[in-house]
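Peer 1: Start counting the sequence shown at 1; every next residue gets the next number (the working numbering).
For glycine and all other residues, C-beta sits at the position ideal for the given N, C-alpha and C.
These numbers were taken from a predicted model, which means no experiment stands behind them.
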Amino acid sequence: MRSQRPGTSKVTVEVFNDNGDSDSASILVFVNAIPEIILNIPDFVKTGQEARLDASDSFDPEGGGVEIVWDFDANTDSDGDSDPLNDVDGSGPVTRITVTEAGNITGAVTISDDSGGKNTTLWTLRVVSRTFRVVWEEVFVDYDWSGYLEQGETHEIQFQPGEGARLIDVSATLSLTRDILPQISWPEDNFTLEVDIPSSGWSYTVITTQNNITENSSATIERTEMNPSPESDYTVFADFPKGKNWSSRFSEIPMEDLDRETGSGGLPQWNAIPILL
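(1) Who are the Cβ neighbours of residue 261 in its own chain at under 6 angstroms, not counting the five residues just before and after it?
(2) Is the Cβ-Cβ distance between residue 53 and residue 97 less than 8 angstroms?
(3) Check whether the region 216–226 and the region 115–130 touch, using three or more Cβ-Cβ pairs below 8 angstroms as the test.
(4) Does the Cβ of residue 42 have 16 or more other Cβ atoms within 10 Å, making it buried, or fewer, making it exposed?
(5) Rounding to the nearest angstrom, what Cα-Cα distance links residue 137 and residue 235 in this structure?
(6) What is the rounded straight-line gap between the Cα of residue 16 and the Cα of residue 35?
(7) Here's the rule I'm using: 16 or more other beta-carbon atoms within 10 Å means buried, otherwise exposed. How should residue 217 be labelled?
(8) Per DSSP, what are the beta-bridge partners of residue 36 in this structure?
(9) With DSSP as the reference, label residue 45 as helix, strand or coil.
(10) For residue 26, which option in 20, 18, 8 has the closest C-alpha, if you only look at C-alpha atoms?
(11) Locate the beta strand (DSSP E) running through residue 132, then write down its first and last residues.
(12) Is it the case that the Cβ atoms of residue 134 and residue 102 are separated by a distance below 8 angstroms?
(13) With a threshold of 16 other CB atoms inside 10 Å of the CB of residue 68, please say whether the residue is buried or exposed.
(14) Would residue 108 and residue 85 be called neighbours here (beta carbons separated by less than 8 angstroms)?
(15) For the candidate residues 198, 149, 47, 65, whose alpha-carbon lies nearest to that of residue 174?
(16) Assign residue 65 to one of two classes, buried (16 or more other C-beta atoms within 10 Å of its C-beta) or exposed (fewer than that).
(17) Would you tell me roughly how many angstroms separate the C-alpha atoms of residue 33 and residue 62, rounded to the nearest one?
(18) Whole angstroms are fine: how far does the CA of residue 45 sit from the CA of residue 129?
(19) From the DSSP output, which residues share a beta bridge with residue 52?
(20) Are the CB atoms of residue 106 and residue 74 within a distance shorter than 8 angstroms?
(21) What's the gap between the Cα of residue 59 and the Cα of residue 114?
(22) Take residue 157 and list the residues in its own chain whose beta-carbon comes closer than 8 angstroms to its own, dropping the five residues that flank it on each side.
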């Protein structure tokens with residue numbers, strides 16, 4: 001006997017003998033309706049983004065309670081029972097999953113009622129790569145210092161613009177202020193102005209000079225277009241969770257290819273922190 005409709009049915013059997021006598025018996029048969037699955041999942045998520053899988057609208061047609069179990073990988077039999085669709089990776093009407101690689105994830109959800117009826121359906125979640133828009137911004141940094149140095153003393157200004165930053169222009173000026181000594185005009189001491197970029201091996205030094213006695217001695221280092229401006233406002237894709245560090249790394253410039261006069265070649269690498277779209 002196979003019933004196409006759930007519910008309670010009365011089944012009667014009647015037998016006859018050769019004399020035409022008959023007898024009958026009846027039994028009530030309950031046909032359980034399997035649970036109905038109503039599944040809501042996002043069309044897609046980005047790598048590292050949490051996906052919400054919702055089967056809370058599923059129900060038992062007879063009004064009984066249901067138990068919901070989630071399997072996050074329909075192709076892997078995690079519990080080793082030869083059924084890849086019944087691994088318990090999550091439970092309850094709503095579960096969440098986070099995937100760190102782009103691609104399609106196929107899983108299964110199984111709903112059981114209180115009468116032993118089960119229904120299983122497959123679901124597929126599309127995971128796409130994250131998109132980043134990289135924008136480079138030029139920043140001008142100014143430093144000013146005024147002080148007195150004894151013989152043999154130095155003053156150093158250190159600046160780290162950012163890990164792997166790219167230096168475009170540099171302008172440095174050292175101006176000496178005269179000591180006012182009545183009726184005495186001593187020759188001014190020589191001072192040295194030096195700009196160093198240790199990571200690229202570039203260094204430049206000038207000594208203060210005095211064009212005439214009416215002017216203060218000074219030294220200037222100016223360099224422009226030491227490196228080309230990097231490409232900006234472009235899009236890249238990556239598969240990793242939100243909050244992870246990301247860098248765009250370029251080939252190192254051999255030291256022998258570095259122009260010591262202009263500083264061309266720049267720092268060995270330059271990095272950007274992207275804007276997550």
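Peer 2: Once the coordinates are examined:
(1) Translated into positions along the sequence shown, residue 261 becomes position 261. Caution applies to residue 261, whose pLDDT of 43 falls short of 50 and renders its modelled position unreliable; the value that the coordinates give is listed next. Same-chain partners within the cutoff: there are none.
(2) Counted from its first residue, the sequence shown places residue 53 at position 53. Counted from its first residue, the sequence shown places residue 97 at position 97. Yes, these two residues count as a Cβ contact at 8 angstroms.
(3) No contact exists between the region 216–226 and the region 115–130.
(4) Within the sequence shown, numbered from 1, the residue matching residue 42 stands at position 42. Under this definition residue 42 is an exposed residue.
(5) Here residue 137 is taken as the residue at index 137 of the sequence shown, counted from 1. Here residue 235 is taken as the residue at index 235 of the sequence shown, counted from 1. Rounded to whole angstroms, the separation of the alpha carbons of residue 235 and residue 137 is 16 angstroms.
(6) In the sequence shown, the residue the question calls residue 16 occupies position 16. In the sequence shown, the residue the question calls residue 35 occupies position 35. Computed Cα separation, rounded: 41 angstroms.
(7) The residue given as residue 217 occupies position 217 in the sequence shown. Only buried fits residue 217, as 16 or more other CB atoms lie within 10 angstroms of its CB.
(8) By 1-based counting over the sequence shown, the position of residue 36 is 36. 59.
(9) Mapped onto the sequence shown, residue 45 falls at position 45. Three-state DSSP puts residue 45 in a strand.
(10) On the sequence shown, position 26 is the one that residue 26 refers to. Proximity to residue 26 across 20, 18, 8 peaks at 8, based on C-alpha coordinates.
(11) One-based indexing of the sequence shown puts residue 132 at position 132. Counting along the chain, the unbroken beta strand (DSSP E) around residue 132 starts and ends at 130–134.
(12) For the purposes of this step, residue 134 is identified with residue 134 of the sequence shown, where counting begins at 1. For the purposes of this step, residue 102 is identified with residue 102 of the sequence shown, where counting begins at 1. No, the Cβ-Cβ distance between residue 134 and residue 102 is not below 8 angstroms.
(13) Locating residue 68 in the sequence shown gives position 68, where the first residue counts as 1. Residue 68 should be labelled buried.
(14) The count along the sequence shown starts at 1 and reaches residue 108 at position 108. The count along the sequence shown starts at 1 and reaches residue 85 at position 85. Yes, the Cβ-Cβ distance between residue 108 and residue 85 is below 8 angstroms.
(15) Mapped onto the sequence shown, residue 174 falls at position 174. With distances taken between Cα atoms, residue 174 lies closest to 149.
(16) Translated into positions along the sequence shown, residue 65 becomes position 65. Residue 65 should be labelled exposed.
(17) As a working note, residue 33 is residue 33 in the sequence shown. As a working note, residue 62 is residue 62 in the sequence shown. Our two residues, residue 33 and residue 62, have alpha carbons roughly 7 angstroms apart in a direct line.
(18) As a first step, residue 129 is located in the sequence shown; it is residue number 129 there, counting from the start. As a first step, residue 45 is located in the sequence shown; it is residue number 45 there, counting from the start. If I take the Cα positions, the gap works out to 9 angstroms.
(19) Reading the sequence shown from its first residue, position 52 is the one you call residue 52. For residue 52, which the question treats as bridged, DSSP gives the partners 96.
(20) Counted from its first residue, the sequence shown places residue 74 at position 74. Counted from its first residue, the sequence shown places residue 106 at position 106. For residue 74 and residue 106, yes; Cβs fall inside 8 angstroms.
(21) Residue mapping note: residue 59 aligns to position 59 of the sequence shown, counting from 1. Residue mapping note: residue 114 aligns to position 114 of the sequence shown, counting from 1. Taken atom to atom, the span from the alpha-carbon of residue 59 to that of residue 114 is near 11 angstroms.
(22) Here the question's residue 157 lines up with position 157 in the sequence shown. If we look at residue 157 and ignore the five residues flanking it on each side, its Cβ neighbours are 143, 145.
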